[in-house]
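For reference, the structure discussed in these notes is given below.
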Amino acid sequence: MTHPAALRAGAEGLAAALPPLLAQAEHLATTVMMGEHGRRRAGMGDEFWQYRPAHAGDPAHRIDWRRSARSDQHFVREKEWQAAQSVTLWVDPSQAMQFAGDGRHGTKADRAGLLALALSVLLIRGGERVGLAGFDLPPRRGELQLMRLAQAFVTPAQADDYGLPEARGMLPHSRAVMISDFMGDIAPVEAALTKAADRGVRGALVQVLDPQEEDFPFDGRTIFESMGGSLRHETLKAGDLRDRYLHRLAERKDRLAALARVTGWQFTTHHTGESAQMALLWLYRALERVR
Amino acid sequence: MFTLGPIGFTTPALLLALLALPVLWLLLRAVPPAPIRRRFPGVALLLGLTDDEHQTDKTPWWLLLLRMLAVAAAIIAFAGPVLNPREARPGTGPLLILADGTWADARDWPRRLDQIAALLTEAGRDGRPVALALASAPPTGPVQFQGAEAARTGLPGLAPNPWEPNTEIVAWAEAQEGPFDTYWLSDDVDRDSRADLLAALERQGQVRVFQSPRPVYALRPAQIIDGALTLQALRAETGTPAAPEVAVIGTDPNGIERELARAPASFGATDTQVDLAFDLPPELRNRVRRFEIVGERSAAAVSLTDDGLKRREVALVSDRDSTEAQDLLSPLHYLRQALTPSADLIEGALTDLIPANPDVLVLADIATLSQLEEKQLLEWVANGGMLLRFAGPRLAASDISRVTEDPLMPVRLRAGGRMVGGAMSWGEPKTLRPFADTSPFAGLAVPDEVRVSAQVMAQPDPALAERTIAALADGTPLVTRKSLGAGQVVLFHVTASADWSSLPLSVLFVEMLDRLAITSGRVDPGAADLAGQIWVPEQVMDGFGQIADAGAMPGVAGEDLARGPRSATQPPGLYAGSERRVAMNVFDADRPLAAASWPSRIAVEGLSSAVETLLKGPLLMLALILLLVDILAALWLTGRLRGPRAGVAALVLAGMIVPQDAPAQTTDDLALSATTEVVLAYVITGDARLDEMARAGLVGLSQELTRRTAIEPAPPIAVNLETDELAFFPLLYWPVNADQPLPSAEAYVRLNRYLRTGGMILFDTRDAGLGPAANSSAEARHLQFLARPLDIPPLEPIPHDHVLTRSFYLLQEFPGRHNGPEVWVEAAPPDAEQAEGMPFRNLNDGVTPVVIGGNDWAAAWAVGSDRAPIYPVGRGFTGEKQREMAYRFGINLVMHVLTGNYKSDQVHVPALLERLGQ
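Written out as structure tokens, the structure is:
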């Protein structure tokens, strides 16, 4: 049995990091009205679905005596089948997500974590199971899972410059969400998506970008370095590069969109300068669509 | 010194550094602007992109040029460039620096001091001993040469004198021994002693002369010509037209000096003298104090005026029983003739004339005066008027001043007078005895033809001798005088017409009137006028033309004063004699002003307008500005003026450019906000909590006033006693704090003025009603300190019939947060009585200037921003009732302040009685 003092210290240390993110996510989640999504068929669940005449073989305790008393038949009360989905999240933990632009909107990682956790709040309240890609945190349900997810999202970034999408640990025919800036090499993304699609996993790609990445408001002699410092590019007139950069960015988006179309996924681009709520709504609708 | 055209360099060697500029050019050209490092995840997309142009890997030429210019400017600046460098003054051995030190030096005295300081520096560098001397105040004994630094200590003490050097300086220069060079800072004005002094100095050694190019102006004394104030402006140099402005300075009716008129003195190219005429109304003219050339700091540019400019107002009291006599027989005819040119005459009945407050009032043969007239006359004479009476048949026949001396007569008179030299009398008509030295007429020549054939006779009296200021040859008084209060009464024992004597026909009559300060109009007092008196300086001018009180300067004999010239013992200024004041100016009516002329062998410096100017500062400034521009250009080139961090750069730039001073709030704002609406005010005590409570209290009271009455006050204003004007506020709430500092003396003056002019202060000691009489709490004691310098009338506790008890609500107690027993107001007059059948006494008018209590009213009134009370009062419903009564007291108080004793008016008694009965 854990000593109460140690337990409490641990709990407080955990809670110290979590509440802001969790509270923010909960706040964001409350803006989306949702209820339990039924399967429109009888099954295991809490909600009433229909009364049906009792057949032979129905155990006696399933007979609804109150309904049966009003007629000569025996009725069985059926409940709606409420099956839980598994949703696997992958949030890019790389250095590139730590970019905060001019500092007004916070880092991309913050926004990605917020979106992921808010979505988790919504899904878990909806009775779904949510987990992380890979084998660290398999999909589970319940508030405790929320805490674990939050803990995972506030862990420091990895040292890699650009994140490699994780397609392992996805249950077949489950749902998945990938949140990243997709600035790095496109090939691993392609591989991961294809792998997931092969296993019947559908989902959504969210590209989180900073407004500066979208505008490229730079000029003059500049040395651009990646967030981890592994890549660098020097230019004498940064202003001249703008058009070509924007062209490449558009190409990248087209590529991702095409990839998503092929694999049956949804794709959107979200900017940290915009409201997170828009992205959350989109995400929620996207998951419903494939469901 | 290495010179290049008009520019010299103190350290020309540094200019060699300019050779390094081309090297710098190459160096700078090779170094492109430093890149910015940016963290940017999108770099993955940038990889492989190349720049189109290769322009900015070298510094652009214009930026190079900018930097070269900046460096060149700095190099040249440190080489010490001097525009119009002054040639070094050769010479060794002792140097005498002689400044004329006259009024003419004052026009550019600081520059002369600079010149002397430069000379001292130079002499110090060359190791020459120096001596400083002012020609207008020559030192005594042999000249003392000393080190330049020691001599420099005497420099700040030098000041120009308002007089000019005389022969003393020549004698002093001739008495010197040993060779020395002289540097003579001349004042550019020609005078006789100059050539002698130059000769004496040239015997000692080389003489160099400095003269300022600034023109010398002077003003002559003003005169009245044809009723206009006329004066001449002079200048020494000719050649260019000039138009300095001459201002007439005088007092306004409040005694404050103001400019009364102004006119340009337009000198043509060849003029040295310009006549100016100011046609001012007599009232203005009598107030003129001086003329001055605007902007000229020199004693000669100020012309003081004296009594001579004043046209006196003389009132002639005309005969009451107007006879049909011819003009020549009128006693006033000769007076009119004598006075008209120089005085303003008014005529009329005595009671009409006295309110006009004339300077002199003439009663010619008027003996009896009504009681009212006599009273007015006495008062007028005592206030400084001069009553001039002439004898005549009626005075001789009357009983006035017969037995006892009439206050309006200088002596007692015998009945009847006497006739001499007539057909029915013995003896010859009498001549005049020469005037005694003590007489104001002393020095006037007595013409032989003046004969007196009749006069009124003075009774022998102990005081008669000293009151006689003119007498006949046989010793009988002809003119007597006594002083009465600030004025005087003078009696001519003869008529003002030619009936009794030929005096009014002679010029002596005019001169005597003049001496009696009856007439005026001459400006330049002649030697004869000044002689025989001691003139005491009242105000003297310094060399700059500043007028100062003379202090305890000794008087000057009139003869010396008339002889002139101005000197240390008789500086220009205003001198007071026994009867009048004369102005002694630097220039009298006929002294010429001419520029000094120097022999050709003398080198005269300072005439060229080119001034030695150090260019180091401006050049360094230029270099700095260029570098700043370079910073901007470099920022712009590297893209830092655009992009994400541009805001920071712009902010820094704005911070460098925008001067950071916030405009101070003017008192006009306070006046406007305090007067556009009724506003309650509280005194800032320095205790923030207390001030906030007072403010909240007045807010609450204002709110209730707006709700219940026609008074709708604006938000209350905090008043700082030290700085704010109080007159705008009908009511000041003053919570007393035991550690509040006492206001300054000026603040008390303002407070007293406020109280006297109808303001009211509500003192609140907040000590639960242990009122000022109890003398128990710290606040009450401090209130005594605070209120001691205030002009507070006797106080009493509010009587039951005070108007405060019924100015809006009917009240008998005045609670605040506490409900103390006593609130003190101005005491009713002791004679206030209660009329029969009236519930209230007839009390004093006006508003009580103070209300003193300790009930902590502000706390009861105070409301917060939500309009709910802040502080608790009492308990439960009783407390709320007490708060209501506190509001009622506040409303009564403001009503009392604003309506005065309106509710005390007995007109309202029936209505009030009716209400009281209910």
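First to last, the protein sequences are chains A and B.
The opening residue of the first sequence carries number 1 in the working numbering; numbering runs sequentially from there.
The opening residue of the second sequence carries number 292 in the working numbering; numbering runs sequentially from there.
Where is the CB? At the ideal position from N, CA and C, for every residue including glycine.
Pairwise C-alpha distance: residue 535(B) and residue 838(B): 21 Å
Excluding the 5 residues preceding and the 5 following residue 990(B) in the sequence, name in chain order all residues of the same chain whose CB lies nearer than 7 Å to its CB. 1006, 1007 and 1154
Would you check if the segment 170-183 of chain A and the segment 236-245 of chain A touch, i.e. whether three or more CB-CB distances between them fall below 8 Å? no
Ordered along the chain, which non-local residues of its own chain (more than five positions away) have a Cβ less than 6 Å from that of residue 394(B)? 453, 589, 590, 591, 834 and 877
In DSSP terms, what residue 965(B) is bridged to: Bridge partners of residue 965(B): none, in fact.
Does residue 443(B) have its Cβ less than 7 Å from a Cβ in chain A? no
Hey, does residue 178(A) have any beta-carbon neighbour from chain B nearer than 7 Å? no
Mind checking residue 286(A): buried by the 16 CB within 10 Å criterion, or exposed? buried
Report yes if the C-beta distance between residue 298(A) and residue 151(A) is below 7 Å; otherwise report no. Given a span of 1 to 291 for chain A in the structure shown, any question on residue 298(A) remains unanswerable.
Quick one: what's got a C-beta closer than 6 Å to residue 997(B)'s C-beta in the same chain, skipping five residues either side? 1003
Local conformation of residue 585(B) per DSSP, three classes: coil
Report, in whole angstroms, the separation of the C-beta atoms of residue 429(B) and residue 459(B), which I expect to be a contact under 8 Å. 5 Å
Among all the DSSP beta bridges, which residues are the ones paired with residue 50(A)? 78(A)
Is there a Cβ of chain B sitting closer than 7 Å to that of residue 190(A), yes or no? no
Quick one: give me the first and last residue of the beta strand (DSSP E) that residue 519(B) is part of. 519-526
Residue-level contact to chain B via CB, residue 237(A), 7 Å cutoff: yes
With a cut-off of 8 Å on the beta carbons, I'd call residue 240(A) and residue 342(B) a contact; round off their distance for me. 6 Å
If we count the other Cβ atoms within 10 Å of its Cβ and call it buried at 16 or more, is residue 257(B) buried or exposed? There is simply no residue 257(B) to check, as chain B begins at 292 and stops at 1209 in what is shown.
Segment limits, alpha helix (DSSP H) that includes residue 908(B): 907-928
If we call anything under 7 Å between Cβ atoms a contact, is residue 260(A) one with residue 205(A)? yes
Taking just the CA atoms, how far does residue 189(A) sit from residue 927(B)? 40 Å
If the cut is a Cβ gap below 8 Å, which residues of chain B does residue 181(A) touch? 332
Is residue 184(A) close to chain B? Criterion is C-beta to C-beta, closer than 7 Å. yes
Going along the chain, which residues of its own chain have a beta-carbon closer than 7 Å to the beta-carbon of residue 649(B), five neighbours each way excluded? 604, 605, 606 and 637
Indicate the three-state DSSP secondary structure (helix, strand or coil) for residue 681(B) in the structure shown. strand
Can you list, in chain order, the residues of its chain whose CB lies under 6 Å from that of residue 549(B), leaving out five sequence neighbours each side? 543
First through last residue of the beta strand (DSSP E) which encompasses residue 564(B): 564-569
Can you confirm whether residue 120(A), when its beta carbon is compared against all beta carbons of chain B, has any partner nearer than 7 Å? no
Between the segment 260-275 of chain A and chain B, which residues of the former have CB atoms less than 9 Å from a CB of the latter, in chain order? none
Kindly list the residues whose CB is nearer than 7 Å to the CB of residue 687(B), restricted to its own chain and excluding five residues on each side of it in sequence; keep chain order. 707, 708 and 747
By DSSP's criteria, residue 472(B) is part of a beta bridge. Which residues make up the other side? 386(B)
Of all Cβ atoms in chain A, is any one closer than 7 Å to the Cβ of residue 922(B)? no
Apart from the five residues just before and just after residue 615(B), which ones in its own chain have a Cβ nearer than 8 Å to its Cβ? Residue confidence for residue 615(B) is low, a pLDDT of 49 falling below 50, so the modelled location carries little weight; the figure read from the coordinates is stated next. Taken in chain order, the list of residues that qualify is empty.
For residue 278(A), which three-state DSSP category applies? helix
If distances are taken between C-alpha atoms only, which option among 596(B), 597(B), 578(B) and 529(B) comes closest to residue 565(B)? 529(B)
Below-7 Å beta-carbon distance, residue 248(A) vs any chain B residue: yes
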